[in-house]
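The sequence shown maps to residues 10 to 552 in our numbering.
Below is one structure, written out as structure tokens; the observations come after it.
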Amino acid sequence: IPDTYDVFMPKGHLVSLGDSDKINDLGVESIKVRSTITCDTRYGVCASCYGNDMARGHKIGVGEAVGVIAAQSIGEPGTQLTMRTFHIGGAASASTAVSSINVNVDGTAHFENIKSITNDNDDLVVISRSAEVTIRNTKGQDVERYKIPYGAVVHVQEGGSVKAKEKIADWDPHTHPIITEQSGRVIFVDFEEGITVNRNTDPLTGLTFFEMIDEAERSAAAKGLKPMIKMVEESDSEVVLSTHYLPSMVKINLEDNQVITAGEVLAKIPKDQSKTSDITGGLPRVADLFEARKAKDHSILAEEAGVISFGNPTKSKDRLIITSAEGEATEMMIHKWRQINVFDGETVEKGDVISDGPSNPHDILRLLGVEALANYVVKEVQDVYRLQGVNISDKHIEVIVKQMLRKVEVLDAGDSKFVNGETAEYTRVIETNKQLTAQGKSLVTYQRLLMGITKASLATESFISAASFQETTRVLTEASTTGRVDTLQGLKENVIVGRLIPAGTGFAHHQERRAKRAASMTQSADAEIALAAELSEAEEVQE
Numbered sequence: 010i011p012d013t014y015d016v017f018m019p020k021g022h023l024v025s026l027g028d029s030d031k032i033n034d035l036g037v038e039s040i041k042v043r044s045t046i047t048c049d050t051r052y053g054v055c056a057s058c059y060g061n062d063m064a065r066g067h068k069i070g071v072g073e074a075v076g077v078i079a080a081q082s083i084g085e086p087g088t089q090l091t092m093r094t095f096h097i098g099g100a101a102s103a104s105t106a107v108s109s110i111n112v113n114v115d116g117t118a119h120f121e122n123i124k125s126i127t128n129d130n131d132d133l134v135v136i137s138r139s140a141e142v143t144i145r146n147t148k149g150q151d152v153e154r155y156k157i158p159y160g161a162v163v164h165v166q167e168g169g170s171v172k173a174k175e176k177i178a179d180w181d182p183h184t185h186p187i188i189t190e191q192s193g194r195v196i197f198v199d200f201e202e203g204i205t206v207n208r209n210t211d212p213l214t215g216l217t218f219f220e221m222i223d224e225a226e227r228s229a230a231a232k233g234l235k236p237m238i239k240m241v242e243e244s245d246s247e248v249v250l251s252t253h254y255l256p257s258m259v260k261i262n263l264e265d266n267q268v269i270t271a272g273e274v275l276a277k278i279p280k281d282q283s284k285t286s287d288i289t290g291g292l293p294r295v296a297d298l299f300e301a302r303k304a305k306d307h308s309i310l311a312e313e314a315g316v317i318s319f320g321n322p323t324k325s326k327d328r329l330i331i332t333s334a335e336g337e338a339t340e341m342m343i344h345k346w347r348q349i350n351v352f353d354g355e356t357v358e359k360g361d362v363i364s365d366g367p368s369n370p371h372d373i374l375r376l377l378g379v380e381a382l383a384n385y386v387v388k389e390v391q392d393v394y395r396l397q398g399v400n401i402s403d404k405h406i407e408v409i410v411k412q413m414l415r416k417v418e419v420l421d422a423g424d425s426k427f428v429n430g431e432t433a434e435y436t437r438v439i440e441t442n443k444q445l446t447a448q449g450k451s452l453v454t455y456q457r458l459l460m461g462i463t464k465a466s467l468a469t470e471s472f473i474s475a476a477s478f479q480e481t482t483r484v485l486t487e488a489s490t491t492g493r494v495d496t497l498q499g500l501k502e503n504v505i506v507g508r509l510i511p512a513g514t515g516f517a518h519h520q521e522r523r524a525k526r527a528a529s530m531t532q533s534a535d536a537e538i539a540l541a542a543e544l545s546e547a548e549e550v551q552e
């Protein structure tokens, strides 16, 4: 408990629905709970990580087939899902609807990862992409948390008090702004009316603005011209403060030689809404998520944290360079038709969205980690079912995701028997690393892999299970030529060879059998030791 430091819930406590209400009453924002995805059990999951049996309302029993339960829990309501394509929003459309942050409680505002500049009205203009604001109550507990987009105007200072329903930030939801970080004079470079830019008038406001002509639609006269805005010192136009290269379709509401102050909008890029709104819903969407398919024109994420700059483009691609704090440059080639959300000189974090589109789960795993991937898959699957009014526990989806994350790619084998580039079982690599640590040898470095459920089923350790699923001849041929051994750990392989399955009542049977086998092996080992001792004694007597 934050105020008294009393232990409210010990480690290993099973959190019930009643407990969750008490946690909310205490004002605790989040607690760490165990999950099937992070469970270290070699085969299956442990009861502590799984938690409650959803059918009986108490802790899950040992030997329960939770994988089958998960598959049935997800599959059965699937009969209620439509096969149609819904028009649900993509990565960008979720952010388009919201244009401000209104807090729900009284407290003080505190910022994280924020980079900002102060404008003429003494408001903060955010120039970082991963900024967050937390609202802290009188007890010092964080009760609300909001993400603040790039270009948002924040009306409260760090530590400033806020009232419930107060608007603390707002932004234009339909455009990506380019913000100037210094005060100075604007110089237009290669702005040729009718060739690189068009001058238009806004029918609502009557104000004129420049609109960049798309590169594909420019005439031959535009060859070699690179439209950009230079910021120079007001008194000395020779001193260049910053340079901003302008993408296609950008709108500029400034005039050449205009003097502006820090925090003002240099240009606005309209958000492309049509491309992100046609996302598949229903059963095909669930299938896409569990098969870990990459969407066409998926979003592009920053490979590293650092400062953005643009290099020499090729005929069809832009060259984006991210320079880290250590000075290492990472190059990314992006198609010219892609709308890039970041600007020259901007700082990005690893995994920040550089170009909008449907999320790619493989990129999320590689750049943001297992936790971010699990949250993404659970949220996306739940969104589809929620639309049909179906309630599924997160743990069933997590059990499936755990199976999708069973494999790793070995990057460096260290002192192990693995081969660089090999695809290996995650638990085997972890066990090998434990043994290598105990021996003081160099460890295996690896990268987690995400496999679709079909591929994961075929890549399982049991070849009998894989053969019973798909491509029987190929699986059996590979198993026989490579001399594989099946230890009969799962359900399917035991059914096929006609043994009791290691689940339910069969679980106890197999445990008993293993215990007897271990005891008999111990007895035979003891007998061998005794026999060897007798023989050595007899030899000594003869001598």
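Here a beta-carbon is modelled for each residue, glycine too, at the ideal position from N, C-alpha and C.
Exposed unless 16 or more other CB atoms sit within 10 angstroms - verdict on GLN448: The residue you call residue 448 lines up with position 439 of the sequence shown. Answer is exposed; the Cβ neighbour count stays below 16.
LYS68 and LEU35 closer than 8 Å at C-beta: Taking the sequence shown and counting its residues from 1, the one referred to as residue 68 is at position 59. Taking the sequence shown and counting its residues from 1, the one referred to as residue 35 is at position 26. Not a contact, by the Cβ cut-off of 8 Å.
C-beta atoms of HIS344 and ILE278 nearer than 8 Å: For this step, residue 344 is matched to residue 335 along the sequence shown. For this step, residue 278 is matched to residue 269 along the sequence shown. No.
PHE299: first and last residue of the uninterrupted alpha helix (DSSP H) it sits in: Numbered from its first residue, the sequence shown carries residue 299 at position 290. PHE299 -> alpha helix (DSSP H) spans 291–299.
Range of the contiguous alpha helix (DSSP H) that encloses TYR159: Reading the sequence shown from its first residue, position 150 is the one you call residue 159. From DSSP, TYR159 is part of no alpha helix (DSSP H); its letter is neither H nor E.
Beta strand (DSSP E) segment containing HIS119, residue limits: Within the sequence shown, residue 119 is the residue found at index 110, counting from 1. Counting along the chain, the beta strand (DSSP E) containing HIS119 begins and ends at 116–121.
Residue burial classification, PHE200 (beta-carbon count within 10 angstroms, cutoff 16): By one-based count along the sequence shown, residue 200 stands at place 191. By the 10 Å Cβ count, PHE200 comes out buried.
Cβ pair GLU300, GLY461 closer than 8 Å: As a first step, residue 300 is located in the sequence shown; it is residue number 291 there, counting from the start. As a first step, residue 461 is located in the sequence shown; it is residue number 452 there, counting from the start. Yes.
Continuous alpha helix (DSSP H) assignments of at least 4 residues falling wholly in the stretch 45–100: DSSP runs (the alpha helix (DSSP H)) wholly in the stretch 45–100: 56–59 and 75–84.
Secondary structure of GLU190, DSSP reduced to three states: Along the sequence shown, read from residue 1 onward, the residue named residue 190 stands at position 181. Coil at GLU190, not helix or strand.
Counted within 10 angstroms of its Cβ, other Cβ atoms place ASP535 as buried (16 or more) or exposed: Stepping through the sequence shown from its first residue, residue 535 is reached at position 526. Exposed, because fewer than 16 other Cβ atoms sit within 10 Å of the Cβ of ASP535.
Selected residue, minimal CA-CA separation from TYR159, among GLU380, VAL134, ARG508 and LYS303: Position 150 of the sequence shown, counted from the first residue, corresponds to residue 159. Here the closest residue by C-alpha is VAL134.
Whole-Å CB distance - VAL316 paired with GLY354, under 8 Å assumed: Locating residue 316 in the sequence shown gives position 307, where the first residue counts as 1. Locating residue 354 in the sequence shown gives position 345, where the first residue counts as 1. About 7 Å separates the two Cβ atoms, so the contact holds.
Cross-strand partners of ILE126 (DSSP beta bridge): As a working mapping, residue 126 is identified with position 117 in the sequence shown. Partner(s): VAL134.
Same chain, Cβ closer than 8 Å to HIS371, five either side skipped, listed in chain order: Walking along the sequence shown from the start, residue 371 turns up at place 362. Counting only Cβ-Cβ distances below 8 Å, and skipping sequence neighbours, we find ALA301, LYS303 and LEU459.
Three-state secondary structure assigned by DSSP to HIS185: Numbered from 1 along the sequence shown, position 176 holds the residue referred to as residue 185. Under the three-state reduction of DSSP output, HIS185 falls in the strand class.
Residues near ALA338 by beta carbon distance below 6 Å, same chain, minus five either side: Counting from one through the sequence shown, the residue named residue 338 turns up at place 329. Same-chain partners within the cutoff: ILE330 and THR332.
Residue environment, LYS305, which counts as buried when at least 16 other CB atoms sit within 10 Å: For the purposes of this step, residue 305 is taken as residue 296 along the sequence shown, with counting starting at 1. Answer is exposed; the Cβ neighbour count stays below 16.
ASP372, enclosing alpha helix (DSSP H) - first and last residue: Taking the first residue of the sequence shown as 1, we reach residue 372 at position 363. Note, ASP372: alpha helix (DSSP H), 370–377.
Coarse secondary structure for HIS519, derived from DSSP in three states: Within the sequence shown, the letter at position 510 stands for residue 519. Here DSSP, grouped into helix, strand and coil, assigns HIS519 to helix.
Cβ pair count under 8 Å reaching 3, the stretch 235–244 against the stretch 140–158: no
Nearest-angstrom Cα separation, counted from ASP495 out to PHE120: The residue labelled residue 120 in the question sits at position 111 within the sequence shown. The residue labelled residue 495 in the question sits at position 486 within the sequence shown. Rounded to whole angstroms, PHE120 to ASP495 spans 55 Å at the Cα level.
Cα-Cα separation between ASP181 and ALA56, rounded to whole angstroms: The residue labelled residue 181 in the question sits at position 172 within the sequence shown. The residue labelled residue 56 in the question sits at position 47 within the sequence shown. Near 48 Å, if we compare the C-alpha coordinates of ALA56 and ASP181.
Helix, strand or coil at PHE472 according to DSSP, with G and I counted as helix: The count along the sequence shown starts at 1 and reaches residue 472 at position 463. It is helical.
Identified DSSP bridge partners for ASN207: Along the sequence shown, one-based indexing puts residue 207 at 198. GLU220, per the DSSP bridge assignment.
Residues that ALA5 bridges to, as DSSP identifies them: Any property of residue 5 remains undetermined from this structure, which presents the chain solely from 10 to 552.
Coarse secondary structure for LEU23, derived from DSSP in three states: Taking the first residue of the sequence shown as 1, we reach residue 23 at position 14. In the structure shown, LEU23 sits in coil (DSSP, three-state: anything other than H, G, I, E or B).
Pair within 8 Å by beta-carbon distance, SER368 and SER308: Mapped onto the sequence shown, residue 368 falls at position 359. Mapped onto the sequence shown, residue 308 falls at position 299. Going by C-beta atoms, SER368 is nearer than 8 Å to SER308.
DSSP state of SER477 mapped onto helix, strand, coil: Here the question's residue 477 lines up with position 468 in the sequence shown. Correct three-state label for SER477: coil.
C-beta atoms of ILE78 and ILE409 nearer than 8 Å: As a working mapping, residue 78 is identified with position 69 in the sequence shown. As a working mapping, residue 409 is identified with position 400 in the sequence shown. It is not a contact, given that the beta carbons lie outside the stated cut-off.
Presumed contact (8 Å Cβ cut-off) between THR117 and VAL171, rounded CB distance: Position 108 of the sequence shown, counted from the first residue, corresponds to residue 117. Position 162 of the sequence shown, counted from the first residue, corresponds to residue 171. Contact flag correct, Cβ pair sits at about 7 Å.
Start-to-end residues for the beta strand (DSSP E) that takes in LEU420: Residue numbering aside, residue 420 sits at position 411 when the sequence shown is read from its first letter. Per DSSP, LEU420 belongs to the beta strand (DSSP E) from 416–421.
Length of the line joining the Cα atoms of SER44 and TYR59: The residue given as residue 44 occupies position 35 in the sequence shown. The residue given as residue 59 occupies position 50 in the sequence shown. So the alpha carbons of these two residues sit roughly 6 Å apart.
First and last residue of the uninterrupted alpha helix (DSSP H) at GLN348: Stepping through the sequence shown from its first residue, residue 348 is reached at position 339. Element bounds for GLN348: n/a, residue is neither H nor E.
Span of the alpha helix (DSSP H), counted from its first residue to its last, around ASN429: The residue you call residue 429 lines up with position 420 of the sequence shown. Per DSSP, ASN429 is not a residue of any alpha helix (DSSP H), being assigned neither H nor E.
Cα-Cα separation between THR285 and ASN61, rounded to whole angstroms: Indexing the sequence shown from 1 puts residue 285 at position 276. Indexing the sequence shown from 1 puts residue 61 at position 52. Low confidence applies here, because THR285 scores a pLDDT of 41, under 50, leaving its location unreliable and the question unanswered by this model.
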